[in-house]
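Some notes on the structure that comes next.
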Amino acid sequence: GFIAFIILMAVLSAMGVENVVIGYLFMGFTIVIYAVIGILSRTMHVGEYYVAGRRVPALYNGMATGADWMSAASFIGMAGSLYLLGYDGLGFVLGWTGGYVLVAILVAPYLRKFGAYTVPDFLSARYGGNLARFIGVIVLFSCSFTYVVAQIFGTGLISARFLGIDFNVAVYVGLAGILVCSMLGGMR
């Protein structure tokens, strides 16, 4: 199906169809395919949504986590720090990468063994009660807010350039695409 779609895009381009129309078709096709995959693999169980019932092999789970790490915020932020700071910006890249490796080695396996889906789940079970969970949520929210803002900015920037629409509209279009693609299926 995908090869046929690419051939169709090449034929449309050869026929003189504008690049903007081809861009809209490509974006729409991609969102529809991901939405169909999400609908076909939808689940109502928390364990299925967050960790695919723990049936995903470690290699594929690592690739999914790596794809999350190599995001718009990473590419834009790391490129920006290298551009702005030169070789001094390598410290940020090394810290970012080193932190990822440390989390992958020192935290993730133990969360899996413990049976927790998130760090606040672990804190709640380990230290008892919802106060520990609430503190964990506040800390994670505080740390993640800047990252999510950079992600949304990157999504809007890419959508605006790719679709040729206003940045503010592109942010909402990108977020709607992310919502449609990830809401139903989870990690499967």
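Taking this note's numbering, the leading residue of the sequence shown gets 4, the next gets one more, and so forth.
We put the beta carbon where it would ideally sit given N, CA and C, even for glycine.
Treat the numbers as computed from the prediction; the structure is a model and nothing was measured.
Sequence-distant residues of its chain with Cβ nearer than 7 Å to residue i (five each side left out)
i, result
"S16", "I25"
"M30", "F165, L166"
Rounded separation between residue i and residue j - CA only
i, j, result
"R129", "F117", "9 Å"
"L97", "A82", "13 Å"
"G102", "G92", "16 Å"
"G157", "R57", "31 Å"
"I141", "L134", "11 Å"
"I40", "V122", "28 Å"
"V151", "Y113", "25 Å"
"V23", "M12", "12 Å"
"G180", "F32", "11 Å"
"I138", "V59", "30 Å"
"A7", "T149", "40 Å"
"F144", "L88", "28 Å"
"V20", "Y27", "12 Å"
"S147", "G80", "14 Å"
Span of the alpha helix (DSSP H), counted from its first residue to its last, around residue i
i, result
"I138", "133-166"
"A111", "111-117"
"A128", "122-130"
8 Å CB neighbourhood of residue i in its chain, flanking five on each side removed
i, result
"C107", "Looking at the sequence provided, one finds Ala at residue 107 rather than Cys. For A107, where only same-chain residues beyond five positions count, the Cβ hits under 8 Å are G65, T68."
"G2", "Outside the shown range of the chain, which is 4 to 191, sits residue 2, and nothing can be said about it."
"P74", "Residue 74 is actually Ser in this sequence, not Pro. Correct list, in chain order: Q154, G157."
"S84", "G92, F95, V96"
"A111", "T68"
"Y90", "none"
"A70", "none"
"V14", "none"
Cβ-based neighbour list, residue i, same chain, cut-off 6 Å, excluding 5 preceding and 5 following
i, result
"M173", "What sits at residue 173 in the sequence shown is Ala, not Met. Answer for A173: G159, S162, A163, listed in chain order."
"F170", "G159, A163"
"W72", "Y103"
Completely contained alpha helix (DSSP H) runs for the region 4-92, where each covers 4 or more residues:
5-17, 22-43, 49-54, 61-72, 75-88
Within the chosen definition, does the region 33-52 reach the region 122-140 through at least 3 CB pairs nearer than 8 Å?
no
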